[in-house]
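Novice: Please read through the structure below; I'll follow up with questions.
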Amino acid sequence: MRHPNEGVLRRLIDEPAGVSDADRAHVAGCAVCSRALDDARADAHLVGAALGGSGAVDADAAWARFSAASAPSTVTAFRPARSAGRNRWGTAVRRPAVAALGAVVLLTGAGVAAANDWLPIFQTERVDPVEVTATDLVQVPDLSSYGDLQITEEPDPEQVADAATARERTGLDVPEVAELPEGVTGKPTYQVAGVVGATFTFSAAKAAQAAAAEGEVLPPPPAGIDGSRIRFEAGPGVAAMWSQPTGVPTLVVARVGAPKVLSSGVPFETVRDYLLSLPGLPDGVAQQVRDLSTDAATLPLPVPAEMVTSSTADVDGSEATVLTSRNGLFAGVVWVEDGVMTGVAGTLSADELLAVARDLR
Amino acid sequence: MPAAATRDAVRPDLEDIFRREYQRVVGVAARVLGSRDQAEDVAQEVFLSFGRSPVPAAEAAGWLSVAAAHTALNLIRSGRRRASREESVASAAESVTPDVADTVLTLEDRSRVRAALARLPRTQATALVLRHSGLSYAEVATALGLSPGSVGTTVRRAELALRKELNRHASPE
C-alpha cells in the first residue's frame, strides 16, 4: 500500500476519526509514516504555540460597545477614557510628566494645550520636539511644587454634529481632508474645545521646600520672580476624527489656537533661565529647551524618546514636525501658521499623514 | 470592508449571534494579529458587516470566522506595512537559540509568524488560522469552499512554511 499523503497525516493529529481505518493501520505499522506523523505533530504544536490565543473576552462589554457604535441614531462615540475630557486637560496642564507624552496626546486632539505649562512667555510660531526619556519623566517635577496653579478656563471639549457647528462654536475652520488614506473610511466625528487658561503664581518658599525635600538647594530667585504670575492660554480647538468601531482614532485632523504664555511682568529670558535651573529638571531636557527657546516663539513639544522619533518636513511652506512611533503603529505631523497650530495624526505612516497634511483645504 | 456606512437594517438575531460567536471571532483575529486589542477592533468591524448581511444564521460561525481572518490578514498586509516593519525589527535581533519551540513565545517571534502569515497564499493562511482557532476540518472546508480531504494538506503546507520561517530566523548562521 502506498503511504497516505501529508494531509491525511495532518488530519490524523486533529481528527483521527476522519481518517480511514486502512490509513490508520498503515501509519501504525510504517516507520516512514510514523516519522512524518511525528514531524507533523511537532510542527502543529509549534505553530499552535506561535499563533497563541486571545484568552477570555468580555462579550457583554463588547456587545455594549458594539451597540453604542452601531446604533442608527448615534454617531460613533469618541471614547472619553482615551480622549480629551475635562480632567485630561486640567491634569495635563498640572503635570508636565503627562504633557510629555506628546505624541500620544496629539492623537486625542488635546496635545497642543497639554504640550507645555512650565515654559516661557511666548507666542508659538513653530514647534520643536524635545526628547525626554522614561527616566526624565520620573524626574520632571510637578509644577505645583513651585507655586500655585489655577485653571482659570476649562476647554469643555464636546462632540458636535458637523463641521459647520464646530466653526460656529470656535471660529475655526475644520480642515478638510481632500482624499482619505487607504484604510480610513466613513464620516468623521467632530470635536470642539474652548480656550484653556491657567495661571501660575511662583512661590520661592514653596520651591525651596520642594528642593529641600529632594536634598537640593533652590537657586536664589532673581528679583521679581517670587510672587510673579504667568498666564497660559491655548485654544479654542476643533478636530475631525475617523475612528474604528471601538473608538480608537484612525485619523485625527485638528486645529487649535497656538499656545501662548503671558507674564505678569518678568521678562521671558529671566523666567526661562530660572525655570531651567530648578532642581529636578534633567540636564539633557533643560539643555534642549535652552537651545531652542531663544526666540520666545518655539514651543518645545516633549516626546518620549524611547517611543517616538522626530523629523521635519515641509507642509506648504511651513516647517512641520513629524513624530513617528518606533513600533510604526502611529504618527503625527504638527505645524504652526499665523498663530494657529494644525496637527494630523493617526494609526498611519508618516508619509500617508504628510500627504493628508499637504492636501488639507 | 465597509465601516459605518448604512446602519439602518440591523438583523434581529444579531445580539444572539454576537454573544455566541464573539469569543471565537476575537480568537481568530488574535491569532493573525498577535494583539487582543486589535483583534477586538477587527471583531467589531466584522460584526458590523455581518449585522447588515443576509447570511443565514446557520452559516454565521463560518462566515464570521473567515471574515475575521481576512480582515485581520488585510490589516497586516495593508498600506500600514506593519508586518514588514515588525519583521525588520525582528530580524535585527539576533537569535541563536537552538530549540525553536523555546523561542516561539517571544514577541519577536510572534511578529515573525505574522509576517510569514502575511506572505502565505490567502487560502493557506486562512485555513491555518481557522483550524488553530478550533474549527473542524468540515467547518474549514465549508467556510473556504475546499473539499474536506484537502484541508489537511492545506493546513500542513502552511505549517511547514511557517516552521521553515521560524527555523530560518532562529538557527545560528
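Chains as they are written, first to last, in the working numbering: chain A, -10 to 350; chain B, 263 to 435.
No residue lacks a Cβ here, since even glycine has one placed at the ideal position from N, Cα and C.
1. May I have the straight-line CA-CA distance separating Ile140 of chain A from Thr190 of chain A, to the nearest angstrom?
2. Does the beta carbon of Gly411 of chain B come closer than 8 Å to any beta carbon on chain A?
3. Taking only beta-carbon atoms, is Arg24 of chain A less than 8 Å away from chain B?
4. Taking only the alpha-carbon atoms, compute the straight-line gap between Ala344 of chain A and Ser192 of chain A and give it to the nearest angstrom.
5. For Lys195 of chain A, which three-state DSSP category applies?
6. Mind pulling the chain A residues with CB within less than 8 Å of Ser315 of chain B?
7. Taking all protein chains shown into account, do 16 or more other C-beta atoms lie within 10 angstroms of the C-beta of Asp272 of chain A, making it buried, or fewer, making it exposed?
8. From the DSSP output, in three-state form, read off Arg24 of chain A for me.
9. Please confirm whether Val323 of chain A and Gly335 of chain A have their CB atoms less than 8 Å apart.
10. So is Gln306 of chain B buried or exposed if we call it buried at 16+ other beta carbons inside 10 Å?
11. Please tell me whether Arg293 of chain B and Ser398 of chain B are closer than 8 Å, where the distance is taken between their beta carbons.
12. If you follow the alpha helix (DSSP H) that Gly(-4) of chain A is part of, which residue opens it and which one closes it?
13. Using three-state DSSP, classify Thr385 of chain B as helix, strand or coil.
14. Near Glu326 of chain A, what residues of its chain come up, given a Cβ to Cβ distance below 6 Å and the 5 sequence neighbours on each side ignored?
15. With 16 as the cutoff for other CB atoms within 10 Å, does Glu427 of chain B come out buried or exposed?
16. List, in chain order, every chain B residue whose beta-carbon is nearer than 7 Å to that of Glu(-5) of chain A.
17. Using a Cβ-Cβ cut-off of 8 Å (strictly less than) and excluding sequence neighbours within five positions of His332 of chain B, which residues of its own chain qualify?
18. Specify, as a first and last residue, the run of the alpha helix (DSSP H) that Phe319 of chain A falls within.
19. Is it buried or exposed for Arg393 of chain B, if we count other Cβ within 10 angstroms and need 16 for buried?
20. Look up Val16 of chain A in the DSSP assignment and say whether it is helix, strand or coil.
21. If you run the structure through DSSP and keep just helix, strand and coil, what is Asp303 of chain A?
22. Between the stretch 208 to 217 of chain A and the stretch 149 to 166 of chain A, are three or more C-beta pairs nearer than 8 Å?
23. So the candidates are A:Glu142, A:Ala38, A:Ala31; which of them puts its Cα closest to the Cα of Ala223 of chain A?
24. Under 8 Å, Cβ to Cβ, is there at least one residue of chain A near Val288 of chain B?
25. Under 9 Å Cβ-Cβ, which residues of chain B neighbour Asp32 of chain A?
26. Please check if any C-beta of chain A sits within less than 8 Å of the C-beta of Ser398 of chain B.
27. Taking all protein chains shown into account, do 16 or more other C-beta atoms lie within 10 angstroms of the C-beta of Ser409 of chain B, making it buried, or fewer, making it exposed?
28. Consult DSSP for Lys249 of chain A and reduce its assignment to one of helix, strand or coil.
29. With 16 other CB atoms within 10 Å as the buried threshold, where does Pro318 of chain B fall?
30. What is the rounded straight-line gap between the Cα of Gly18 of chain A and the Cα of Arg(-9) of chain A?
31. Helix, strand or coil for Pro410 of chain B, going by three-state DSSP, please let me know.
32. Roughly how many angstroms separate the alpha carbons of Gly186 of chain A and Val311 of chain A, rounded to a whole number?
33. Does the distance from the CB of Val173 of chain A to the CB of Leu240 of chain A come in under 8 Å?
Specialist: According to the structure shown:
1. 12 Å
2. yes
3. no
4. Distance between the alpha carbons of Ala344 of chain A and Ser192 of chain A is about 47 Å.
5. helix
6. Neighbours of Ser315 of chain B on chain A: none; closest Cβ ~13 Å, over 8 Å.
7. exposed
8. helix
9. no
10. buried
11. No; because the gap between Cβ atoms is not below 8 Å, this pair is not in contact.
12. -5 to 3 is the span of the alpha helix (DSSP H), which, as asked, contains Gly(-4) of chain A.
13. helix
14. Ser307
15. buried
16. Thr415, Arg418
17. Once the five neighbours on either side are set aside, the close Cβ partners of His332 of chain B are Arg384, Thr388.
18. Here Phe319 of chain A belongs to no alpha helix (DSSP H), and DSSP marks it neither H nor E.
19. buried
20. helix
21. strand
22. no
23. A:Glu142
24. Against chain A, the CB of Val288 of chain B has a partner CB under 8 Å away; the residue lies at that interface.
25. Arg418, Glu421, Leu422, Leu424, Arg425
26. With respect to chain A, the C-beta atom of Ser398 of chain B has a partner C-beta closer than 8 Å.
27. exposed
28. Correct three-state label for Lys249 of chain A: strand.
29. exposed
30. Put simply, the backbone Cα of Gly18 of chain A is about 12 Å away from that of Arg(-9) of chain A.
31. helix
32. 27 Å
33. yes
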